[in-house]
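Participant:
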Amino acid sequence: MKLLILYATTKGNSKAIAETVLQGLDDYMFEEKRFMAIDKYEKEKLVNEDIVIFVCSTYGKGSEPEMMSDFWKYLTREHLPGNYLSNIHFAVFGCGSSRAKKLFNAASKRLYRRLTQLGGIPINDCGFGDASHENGHYETFYPWMEDLKKNLEALGLVALHKVKKQYEYTIDFSNEDLLETDSTIRNNKIVDEFEVIKNKRVTPKDYFRDTRVIDLKSLDNLSYKPGDIIEIIPVNLKSEVNDAIIRLQWEEIADIPFTIKSNRNIELPEIWKSTQTLRNLLEKSLDIFGKPNLKMGRHLRFIYEDYLKNENSDKLSDIESYIKNCLDEKKSIFDILCEFPTKDLRIDEILEIIPTIKARSYSITSSRKVRGDNIIELIIGINKFTTGNNETRTGISSKWISTLQLNDKIYATVKSGSMKFDSYIDQPMIMICTGTGIATIRSYLQERIFHGQRENYLFYGYRNSKVDDYYMDELQKYSKEGYVNLYLAASRDPDEKIYVQNKLIENSKLIWDLITNKKAHIIVSGNAKTLPSSVKTALRDIYIEESNCSSEQASKTLQILEDDGIYQEACY
């Protein structure tokens, strides 16, 4: 039998899971193994496959990733018979977030259901990864993977369990070409290059929260719209990488040039396709200061298996508990490596243990109509946290962003956001946001004002006036000009201490009139843990009060608004 693994991803999570599937099936005797992005696959050949494993992300409001759109259109054609895929066995694992509630893994559920409708034979149940879990998608992935292996063996596949584990990559030291790092990425147009033209702290220096307004200038004209995001690829600081190399005793191998080959025909990250050094990869690609996960823990246990036996150590006997404790103590991968002898680690083993740095997504806070085609504005909160030993640290991306100087070059990609709205919409707009959630709101507000639309109602929550009420001067100006109605909630001001949901309740008759009589749209932007539920509770209470309906009826009405795209969230 032949194996095909297809992944559909937006941020790389599904690809990483798919690679782990391929690695986990090393021991199984397939006639052929293929691995590829779903948009690279000739979909007409699906009927001729034997075993197909799909790894699929859910994007935005339950949508499939953009790279999957053509495949999904092909699969949902009306004339396809119910036995169209009766010759294939399939499995689906989804990458989603339980914060999406009813839309949790919606795309993978639809895919699983459609494959079954077309006669495909499921190998096991659809798997649901949860990015919101402390162990991420891997918490449910590994049990799903074990079931997959058992069911494949039940189909007659032979597992050669004594085969020696093959590492993901082969390292070749014979190539001494010069490094081509940034230029390689740029020339392949995987990302766009931007120049930093502003990096200003907008909170007082003595305030506990460091928030930055950052302006980026593209070398090319950009096309972006309100609600879009920019995915920025951060790097590790050279000084910290150098300290890590010394601490882990990698000085002898850090600057030796080498090339990398995938042992499973998996496409390498773009930067890995040119001659590299370990130092350069640690600076620009390897997430050595990032969070550990179960996959990393399993690689660690395999590589240190003999060492742990000799030491009579059970440190990695329970990977799940070990990684959970590390996450609770906010240990980084570097912290964990410091607990093991690392001097003799080979580069292929290092690449096995340390995952790559993921791009970070930020909402664009400017309108192209206002700032022009090649300028993007951002507002970014610098993330600081305390470890288990009371050490204050700054997140990898935040630390790098806070060091950016004027004229520095960075690499990023502009992508469509999850919100869908038209800047020319005639209806009034109720905008609800907290903190840096003002980013998406400001982008859309600027666009509406550019087109002369005045029925904008902004409910804006923040901690302290004159401290983190971002863009307040601009908003007050719009208010005086009659373009926006401002309803402000300062949750930490001594004289006020009011939340944005309180402001909604205070203005219940206005909200009711805007939604029911003027057909207003609603957008919510802010902290995903608290804001959506607080806003929905307030809106439900408004419906109950103003229409004298039951709580159940109010909840159903709000659900209809959400299903119809009248109520939308961009929360993080």
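Residue numbers (the numbering used here): 38 to 609. Positions of the beta carbon are idealized from the N, C-alpha and C atoms, including for glycine.
Apply the 10 Å Cβ neighbour rule to residue 119 and answer buried if 16 or more other Cβ atoms are within range, or exposed otherwise.
Facilitator: The residue is exposed, with fewer than 16 neighbouring Cβ atoms inside 10 Å.
Participant: Assuming the contact rule is C-beta atoms closer than 8 Å, residue 526 and residue 536 should be a hit. Round their C-beta distance to whole Å, please.
Facilitator: At roughly 6 Å, the Cβ-Cβ gap stays under 8 Å, so residue 526 and residue 536 are in contact.
Participant: Within the continuous beta strand (DSSP E) that includes residue 470, where are the two ends?
Facilitator: That run of the beta strand (DSSP E) goes 466–471.
Participant: Three or more C-beta pairs closer than 8 Å, one from the stretch 103–112 and one from the stretch 457–472: is that the case here?
Facilitator: Judged by Cβ distances under 8 Å, the stretch 103–112 makes no contact with the stretch 457–472, as fewer than three pairs qualify.
Participant: How about residue 41 and residue 71: do their beta carbons lie closer than 8 Å?
Facilitator: Cβ atoms of residue 41 and residue 71: closer than 8 Å.
Participant: May I ask you to report which of helix, strand or coil DSSP gives residue 574?
Facilitator: Reduced to three states, the DSSP call for residue 574 is helix.
Participant: Look at residue 325 and residue 416 and say whether their C-beta atoms are less than 8 Å apart.
Facilitator: No, Cβ-Cβ distance for residue 325 and residue 416 is not below 8 Å.
Participant: With a 10 Å radius around its C-beta and 16 neighbouring C-beta atoms as the bar for buried, classify residue 491 as buried or exposed.
Facilitator: Exposed, because fewer than 16 other Cβ atoms sit within 10 Å of the Cβ of residue 491.
Participant: Would you report the Cα separation of residue 63 and residue 406, rounded to the nearest angstrom?
Facilitator: Taking the straight line joining both Cα atoms gives about 52 Å.
Participant: From 423, 256, 340, 239, pick the residue whose C-alpha is nearest to that of residue 230; which is it?
Facilitator: Taking only the C-alpha atoms, the option nearest residue 230 is 256.
Participant: To the nearest angstrom, how far is the alpha carbon of residue 68 from that of residue 85?
Facilitator: Each residue's Cα considered, the two are about 14 Å apart.
Participant: Is the stretch 236–250 close to the stretch 369–387, with three or more CB pairs under 8 Å?
Facilitator: Taking 8 Å as the limit for Cβ pairs, the verdict is that the stretch 369–387 does not touch the stretch 236–250.
Participant: Just mark residue 572 as buried or exposed, buried being the case when its beta carbon has 16 or more other beta carbons within 10 Å.
Facilitator: That one is buried.
Participant: My guess is that residue 446 and residue 496 are in contact by the Cβ rule of under 8 Å, so how many angstroms apart are they, rounded?
Facilitator: No, residue 446 and residue 496 are not in contact; Cβ-Cβ is about 38 Å, not under 8 Å.
Participant: Closest by CA to residue 285, which one among 361, 378, 299, 329?
Facilitator: It is 378.
Participant: By the DSSP assignment, the beta strand (DSSP E) with residue 558 in it spans what residues?
Facilitator: It spans 558–563 - the beta strand (DSSP E) in which residue 558 sits, taken as one unbroken run.
Participant: Is it true that the CB of residue 455 sits closer than 8 Å to the CB of residue 98?
Facilitator: The answer is yes: Cβ separation under 8 Å.
Participant: For residue 543 and residue 534, what's the separation of their Cα atoms in angstroms?
Facilitator: Approximately 14 Å between the Cα atoms of the pair.
Participant: Tell me which residues share the same chain as residue 604 and place their Cβ nearer than 6 Å to its Cβ, disregarding the 5 neighbours each side in the sequence.
Facilitator: Excluding sequence neighbours, residue 604 sits near 559, 598.
Participant: Note the first and the last residue of the continuous alpha helix (DSSP H) segment covering residue 361.
Facilitator: First-last of the alpha helix (DSSP H) with residue 361: 356–365.
Participant: Rounded to whole angstroms, how far is the Cβ of residue 607 from the Cβ of residue 477, which I believe are closer than 8 Å?
Facilitator: Yes, they are in contact, since the Cβ atoms of residue 607 and residue 477 sit about 5 Å apart, within 8 Å.
Participant: What are the start and end residues of the beta strand (DSSP E) that includes residue 423?
Facilitator: Here the beta strand (DSSP E) through residue 423 covers 421–423.
Participant: So, using beta-carbon positions, are residue 19 and residue 156 closer together than 8 Å?
Facilitator: As displayed, the chain neither begins before 38 nor continues past 609, which places residue 19 out of reach and without an answer.
Participant: Taking its Cβ as the centre, do 16 or more other Cβ atoms sit within 10 Å of residue 508, making it buried, or is it exposed?
Facilitator: Buried is the call here.
Participant: Which residue wins for smallest C-alpha separation from residue 87, given the options 316, 196, 361, 39?
Facilitator: For the residues 316, 196, 361, 39, the minimum Cα distance to residue 87 belongs to 39.
Participant: I'd like the list of long-range same chain contacts for residue 259, defined as Cβ closer than 8 Å, with 5 residues on each side in sequence excluded.
Facilitator: Here the set comprises 229, 405, 410, 411, 413, 451.
Participant: From residue 430 to residue 346, what does the alpha carbon distance come to, in whole angstroms?
Facilitator: Their backbone Cα atoms lie some 34 Å apart in a straight line.
Participant: Spell out the partners DSSP gives residue 251 in its beta bridges.
Facilitator: Per DSSP, 236, 415.
Participant: Assuming residue 321 and residue 272 make a contact with CB atoms under 8 Å, what is their CB distance in whole Å?
Facilitator: That belief holds up - the Cβ atoms of residue 321 and residue 272 are roughly 5 Å apart, short of 8 Å.
Participant: Given 8 Å as the limit, is there contact between the stretch 276–285 and the stretch 294–305, that is, 3 or more CB pairs closer than that?
Facilitator: With the cut-off at 8 Å, the stretch 276–285 and the stretch 294–305 do not touch.
Participant: Does the beta-carbon distance from residue 500 to residue 529 come in below 8 Å?
Facilitator: Yes, the Cβ-Cβ distance between residue 500 and residue 529 is below 8 Å.
Participant: Beta-carbon separation of residue 317 and residue 174 under 8 Å?
Facilitator: No.
Participant: Please state if the CB of residue 153 and the CB of residue 102 are separated by a distance shorter than 8 Å.
Facilitator: No, the pair does not count as a contact, with Cβ atoms beyond the cut-off.
Participant: When the distance is taken between beta carbons, is residue 443 closer than 8 Å to residue 234?
Facilitator: It is a contact, given that the beta carbons lie within the stated cut-off.
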